Amino acid sequence: MDQRSEVTERFAEGAQFIAGSLRSGTSGRTQDVVDPATGETVLRYELSGTGDVDAAVAAAARAFPAWAGATPGERSDTLHRFAAALAEDAADLAAAESLNCGKPIKLSKEFDVPGTIDNAAFFAGAARHLEGKAAAEYSGDHTSMIRREPVGVVGSIAPWNYPLQMAAWKVLPAIAAGNTIVLKPAEITPLTSLLFAQAAQRAGLPDGVLNIVSGAGRDAGEHLVGHPDVAMTSFTGSTAVGKRVAEIATGTVKRLHLELGGKAPFVVFDDADLEAAVHGAVAGALINTGQDCTAATRAYVQRPLYDAFVSGVADLMATVRLGDPFDPSTDLGPLISHTQRDRVAGFVERARGYATVVTGGEAPQGELAKGAYYRPTLIAGAAQDSEIVQSEIFGPVLVVLPFDSDDEGLALANDTPYGLAASAWSRDVYRTGRATRELNAGCVWINDHIPIISEMPHGGAKASGFGKDMSAYSFEEYTQVKHVMYDITGVARKDWHRTIFGDRG
Ligand code: NAD
Numbered sequence: 001m002d003q004r005s006e007v008t009e010r011f012a013e014g015a016q017f018i019a020g021s022l023r024s025g026t027s028g029r030t031q032d033v034v035d036p037a038t039g040e041t042v043l044r045y046e047l048s049g050t051g052d053v054d055a056a057v058a059a060a061a062r063a064f065p066a067w068a069g070a071t072p073g074e075r076s077d078t079l080h081r082f083a084a085a086l087a088e089d090a091a092d093l094a095a096a097e098s099l100n101c102g103k104p105i106k107l108s109k110e111f112d113v114p115g116t117i118d119n120a121a122f123f124a125g126a127a128r129h130l131e132g133k134a135a136a137e138y139s140g141d142h143t144s145m146i147r148r149e150p151v152g153v154v155g156s157i158a159p160w161n162y163p164l165q166m167a168a169w170k171v172l173p174a175i176a177a178g179n180t181i182v183l184k185p186a187e188i189t190p191l192t193s194l195l196f197a198q199a200a201q202r203a204g205l206p207d208g209v210l211n212i213v214s215g216a217g218r219d220a221g222e223h224l225v226g227h228p229d230v231a232m233t234s235f236t237g238s239t240a241v242g243k244r245v246a247e248i249a250t251g252t253v254k255r256l257h258l259e260l261g262g263k264a265p266f267v268v269f270d271d272a273d274l275e276a277a278v279h280g281a282v283a284g285a286l287i288n289t290g291q292d293c294t295a296a297t298r299a300y301v302q303r304p305l306y307d308a309f310v311s312g313v314a315d316l317m318a319t320v321r322l323g324d325p326f327d328p329s330t331d332l333g334p335l336i337s338h339t340q341r342d343r344v345a346g347f348v349e350r351a352r353g354y355a356t357v358v359t360g361g362e363a364p365q366g367e368l369a370k371g372a373y374y375r376p377t378l379i380a381g382a383a384q385d386s387e388i389v390q391s392e393i394f395g396p397v398l399v400v401l402p403f404d405s406d407d408e409g410l411a412l413a414n415d416t417p418y419g420l421a422a423s424a425w426s427r428d429v430y431r432t433g434r435a436t437r438e439l440n441a442g443c444v445w446i447n448d449h450i451p452i453i454s455e456m457p458h459g460g461a462k463a464s465g466f467g468k469d470m471s472a473y474s475f476e477e478y479t480q481v482k483h484v485m486y487d488i489t490g491v492a493r494k495d496w497h498r499t500i501f502g503d504r505g
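Heads up: the sequence shown is residues 1 to 505, going by UniProt numbering.
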């Protein structure tokens, strides 16, 4: 899939996957899918319009009764076959993800694709563990039980940074729980969502259970969120767009799951393993060229380690190899687009006015100049309330600040609107224990930063949103709980009728 002609051929019929077949959008507007490493267009397709969204929602609504009525075992079998189909397609998926996003091929092969296959395998198992909680005679006259039911048609919207994994995180728990879904990938990164849907179809997922609309946020996205036949909106993206999505979803009283932006702190106490912290910070800041909602973005380092940390990170960043994403030795690929690269460069240029760029802070020249590349960048000397410390940059940029007391380090770490992820580095179990309690984020790592696993939830606090992806916790989003109450007395005139009939018996 690394050849332009192959992509064009594969999606010749269009980039919408509705009711089990690929078709063209009908918006009358086209979108270029661009390889960010070269700036070349690899596919031009017609965007989904509101009519295509309507068709996809109708297909999902038609497929819902049968899919919701399938046994957990039947859904599980399909998901096991889906995991196997994704494994067969692993090489193609990795190549398409690298081509579309500029990800180094070793990242696509060792993280995005295996993570997606593992998620499918996890939800194949989890589908059989959906259960209601209680069956008891709480009133004495009734047996109460809980039914856990799918919500209906889910409308999901995904970002461009991990298109394949975001499709997996949105789709798998939803369909494992018996919902049907319409997924809108980011319009610039539709390729692997479409391949994902095709693998599902090969695995026997009934037509209409999973539909992909490749469309723009303003029209296809908003139409999907506001659609009266969509029961739930699950959105991953920026906090700004998440607020707009919440407004529309609230207007139609939809269940809402929001995975939004992040600005993860990385807190290094003075007894930390310096080598581990330096390597962890560079890897945690640069993964996916920093376009990761949980990336390490703000390193707070206790004063005794501060200078050594700054020079260690700067030296290590300088060894990171930028290059062709398909070269197995490339460590860092381009950003998703030239627009995103220029946005990141804008943050750094403004920061020069109030802070020091220790290393990086520029786009490479020569062969790489045509791609959306930007050098790994370390910034020191910025104030806590400055833009570079407070705003999500979504690029290979780490800011480092010193702190004195543990109280101060933890307070600074919590001092942004976001609360998606955080890490603390120390050899002292009491310090790290305190950090796990006081860092206000959906995930806290101790002596590491970034790893995720299918069995554990991912989701934010504060302006990073609410609800969980992955793990059995995600079923809380994608199911509704129904209380069922059986009379077990067989008595026609119930005791509580006294409240109506009084002493007439
Ligand atoms: P974005 O918010 O610009 O777009 C996300 C999606 O929303 C895209 O599909 C886009 O087309 C769509 N969209 C845009 N405007 C819309 C509208 N008015 N109505 C409906 N949909 C609309 O985000 P992005 O730039 O694609 O992705 C980067 C952002 O995603 C970052 O903020 C990052 O932190 C966040 N993110 C969060 C998580 C998480 O799990 N919390 C994971 C990955 C990315």
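Built from N, CA and C at the ideal position, the CB exists for glycine as well.
Here the structure is a predicted model, which means the values were calculated and not measured.
{"Asked": "Ligand 1 heavy atom lying under 7 angstroms from the CB of Leu420", "Found": "yes"}
{"Asked": "Rounded C-alpha distance that separates Asp385 from Pro72", "Found": "50 angstroms"}
{"Asked": "For Ala264, three-class secondary structure by DSSP", "Found": "strand"}
{"Asked": "Cα-Cα separation between Pro150 and Pro104, rounded to whole angstroms", "Found": "38 angstroms"}
{"Asked": "Spatial neighbours of Ala134 in its chain, beta-carbon cut-off 8 angstroms, leaving aside the 5 residues before and after", "Found": "Ser144, Met145, Ile146"}
{"Asked": "Which listed residue (Glu110, Glu6, His80) has its alpha carbon closest to that of Asp331", "Found": "Glu110"}
{"Asked": "Beta-carbon proximity list for Ser474, same chain, < 6 angstroms, skipping 5 on both sides", "Found": "Pro173, Lys468"}
{"Asked": "Backbone secondary structure at Phe82 - three-state DSSP", "Found": "helix"}
{"Asked": "Close Cβ partners of Asn161 (< 8 angstroms) along its chain, the five nearest in sequence each way excluded", "Found": "Cys101, Asn288, Gln291, Asp292, Cys293, Ile336, Phe394"}
{"Asked": "Three-state secondary structure assigned by DSSP to Asn119", "Found": "helix"}
{"Asked": "Separation of Val358 from Ala369, as counted between CA atoms", "Found": "22 angstroms"}
{"Asked": "Arg375, DSSP secondary structure in three states", "Found": "coil"}
{"Asked": "Beta-ladder partner(s) of Thr192, from DSSP", "Found": "Thr192 pairs with nothing; no bridge assigned."}
{"Asked": "Lys462 and Tyr418 closer than 8 angstroms at C-beta", "Found": "yes"}
{"Asked": "Chain D contact for Gly280 (CB, 8 angstroms cutoff)", "Found": "Among the protein chains of the structure shown there is no chain D, as only one such chain exists."}
{"Asked": "8 angstroms contact criterion, which Leu93 and Leu258 should meet: CB distance rounded", "Found": "About 27 angstroms separates the two Cβ atoms, so there is no contact after all."}
{"Asked": "Sheet register partners of Leu322 (DSSP bridge)", "Found": "Leu332"}
{"Asked": "Outcome for Thr41 when other beta-carbon atoms lying within 10 angstroms are tallied against a minimum of 16", "Found": "exposed"}
{"Asked": "Stretch-stretch touch, CB-based, cutoff 8 angstroms, three pairs: the segment 41–61 with the segment 215–234", "Found": "yes"}
{"Asked": "Nonlocal neighbours in the same chain, by C-beta distance under 7 angstroms from His449, ignoring five residues either side", "Found": "Phe266, Gly280, Gly284, Ala296, Ser423"}
{"Asked": "Check whether Gly371 and Ala37 have beta carbons under 8 angstroms apart", "Found": "yes"}
{"Asked": "Cβ contact (3+ pairs, closer than 8 angstroms) linking the segment 238–249 and the segment 174–190", "Found": "no"}
{"Asked": "Val400 to Ser426 span [Cα, whole Å]", "Found": "17 angstroms"}
{"Asked": "Cβ contact (3+ pairs, closer than 8 angstroms) linking the segment 315–327 and the segment 429–436", "Found": "no"}
{"Asked": "Reference residue 513, options Arg202, Ser139, Ala120, Asp207, closest by Cα", "Found": "Nothing about residue 513 can be read from this structure; the chain reaches only from 1 to 505."}
{"Asked": "Anticipated Cβ contact below 8 angstroms, Pro163 with Thr236, distance rounded", "Found": "Their Cβ separation, rounded to whole angstroms, is 11 angstroms, which puts Pro163 and Thr236 out of contact at 8 angstroms."}
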